[in-house]
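For the sequence shown, the positions run 336 to 668 when our numbering is used.
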Amino acid sequence: MRFPLHITTDTIRHQVRQAWRGKKRYPFVLMLEPLYTCNLACIGCATERHTGKLKDRLPLERCLQAVDECEAPVVSICGGEPTIYPELKDLVEGIIERRRHIYLCTNALLLEDTVFDVLEPHKRLTINIHLDGMRKTHDYVCARDGVFDKAIEMVKESKRRGYHTITNTTIFKETDIDEVEELCALLTDIGIDGMLLSPGYQYESVDLDIFPTRRDIQRKFTKVLAFQKRFRLTSTPMFLEFAAGLRDYRCSPWSTVTFTPLGWKGPCYLIGKSHTWDWKEFWEGTDWEYWESRQDRLCQNCAMHSGFEASVVRELPGSPRDMVRMAAWNLLG
Ligand code: SF4
């Protein structure tokens, strides 16, 4: 199966429970950003995400409270660089105790000491390593030499030690899709469990012409569609078709909620119009109807999986063909 069975069944159970409660909107994923401190300053990263001080990190208890409040079955620990978070081991164990699934998103530089040596592999823990291209490209994006070699070494080590391991790749304006295909082939040879490809998003705080327009995204993902069946991509076929401009969806920004050192961030993972410490204020105070419509200028070039993969799932009941495709994609992947 493309996604481990327990993640699939827990997610379906969550959907049934929410439908039973009569809820139309509910989170699937919590993007938990315990700190805005990083040991890199990647060129495509929102400035605020790598310039924070360690002393301003979220307390462990506040992170776990956020996990409880939003009830999402999947928690993506990101940041900042989560392996710098001193309480990471307790955070991972606390989330596993709550029977949630963790994607630990990392640049892999500190993975050995902070994860491999202190946390056993667990079916609820996935290591998600950032890789934006082959050596020259990835080191350029990360603004440091040697990061690609370290990431590949850590993918191998992660697999050797028995962790479920995936990668995530952001596609920028200048990304050469042939190189992405080469990266997918390399990772497949190593035995990677999944690869997430996602278009870059123009953060307001990044003043560089590196982000793709909607048209750029469509061109690049048309090429991705041509090779996607050969690799274990974790982006659904319908999402890839959406990114390639072959189908359209409303956004589902509520599906991926974000908790940061400034509190709940609204309306979505990408846009920080507001921050609040109060879950109810965030959830009930965000105009979901407006942000679903994508009419805001900040949504014009967005095709992020965090907004649209849940839209794919939301639309499935309306298309038996897509339901069959999705089931086959997951079961046979
Ligand atoms: S379209 Fe993108 S930027 Fe706009 S609300 Fe959805 S996820 Fe956020």
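Glycine included, each C-beta is placed from N, C-alpha and C at the ideal position. Please read all numbers here as calculations on a predicted model, not as lab measurements.
Spatially closest choice to residue i from the options, by CA coordinates
i	options	result
Y604	T571, E619, F643 and E616	F643
R582	A638, R384, V490 and W664	A638
T472	T343, R392 and I378	I378
K458	I419, R434 and D657	R434
E488	T548, H640 and T502	T502
L444	M469, K485, C477 and A478	K485
L521	D511, G468, I342 and M573	G468
N442	D474, D345 and E432	D474
I347	L651, S411, P655 and G668	L651
L365	C405, K390 and T344	C405
R585	I606, S628 and V476	S628
V592	R392, N374 and R360	R360
R549	R384, T382, L667 and R632	R632
S540	L375, A478 and I606	I606
T523	D657, L531 and F566	F566
T382	L389, C373 and E447	C373
M658	C634, S590 and M573	M573
S431	E416, Q350, L446 and S411	It is worth fixing the name first, because residue 431 is Ile in this sequence and not Ser. The shortest C-alpha separation from I431 is found at S411.
T318	P655, E416 and H349	Because the chain here runs from 336 to 668, residue 318 falls outside it and cannot be looked at.
A407	S654, E616, D345 and V648	D345
C634	R649, Y536 and P655	Y536
P421	Q400, T343 and L395	L395
Contact set for residue i: own chain, Cβ-Cβ below 6 Å, skip 5 residues either direction
i	result
H499	T461 and D528
L560	L575 and A579
V453	K424
T621	G601 and P602
R595	The sequence given here places Thr at residue 595; Arg does not occur at that position. Closer than 6 Å at the Cβ level, and outside the excluded window around T595, lie E368.
L393	P369 and P596
Y538	A381
V647	T571, M573 and F574
L389	T372
Residue range of the beta strand (DSSP E) that includes residue i
i	result
F594	T591 to T595
C440	H436 to T441
N665	Segment P655 to L667 is the alpha helix (DSSP H) holding N665; no beta strand (DSSP E) there.
L532	G529 to P534
I462	L460 to H465
I501	H499 to I506
Own chain, CB closer than 8 Å to residue i, minus 5 neighbours either side, in chain order
i	result
Q553	A578, A579 and G580
P456	R496, G497, Y498 and H499
G514	The identity of residue 514 in the sequence shown is Glu, whereas the question assumes Gly. Result list for E514: G468, M469 and T472, in chain order.
Y612	Reading off the sequence, residue 612 comes out as Trp, not Tyr. Hits under 8 Å: G598 and W599.
G481	D474
Whether residue i touches residue j by CB criterion (8 Å)
i	j	result
E516	F562	yes
A645	F363	yes
P602	W626	yes
G429	L370	no
W623	P588	yes
I464	K494	no
C398	L426	yes
T571	M661	yes
H640	S533	yes
V409	Y438	yes
R337	N665	yes
T504	L466	yes
F483	I545	no
L518	T569	no
K555	I512	yes
A376	A478	yes
Start and end residues, alpha helix (DSSP H) containing residue i
i	result
L669	With the chain represented from 336 up to 668, any question about residue 669 goes unanswered, as that position is not in the structure.
L581	Here L581 belongs to no alpha helix (DSSP H), and DSSP marks it neither H nor E.
T472	R470 to V476
I552	R549 to F562
H640	H640 to E650
W618	W614 to G620
T346	L340 to W355
M336	Unbroken run through M336: none, as it is neither H nor E.
V316	In the structure as shown, the chain starts at 336 and stops at 668, and residue 316 therefore has no counterpart that could be examined.
I525	I512 to I525
D484	V482 to R496
E627	W623 to E627
Sequence-distant residues of the same chain with beta carbon closer than 7 Å to residue i, five excluded per side
i	result
T449	T418 and L423
L597	H610
R352	none
Which runs of the alpha helix (DSSP H) spanning at least 4 residues fall entirely within the stretch 360-417, listed in chain order?
Within the stretch 360-417, the complete alpha helix (DSSP H) runs of at least 4 residues are 395-405.
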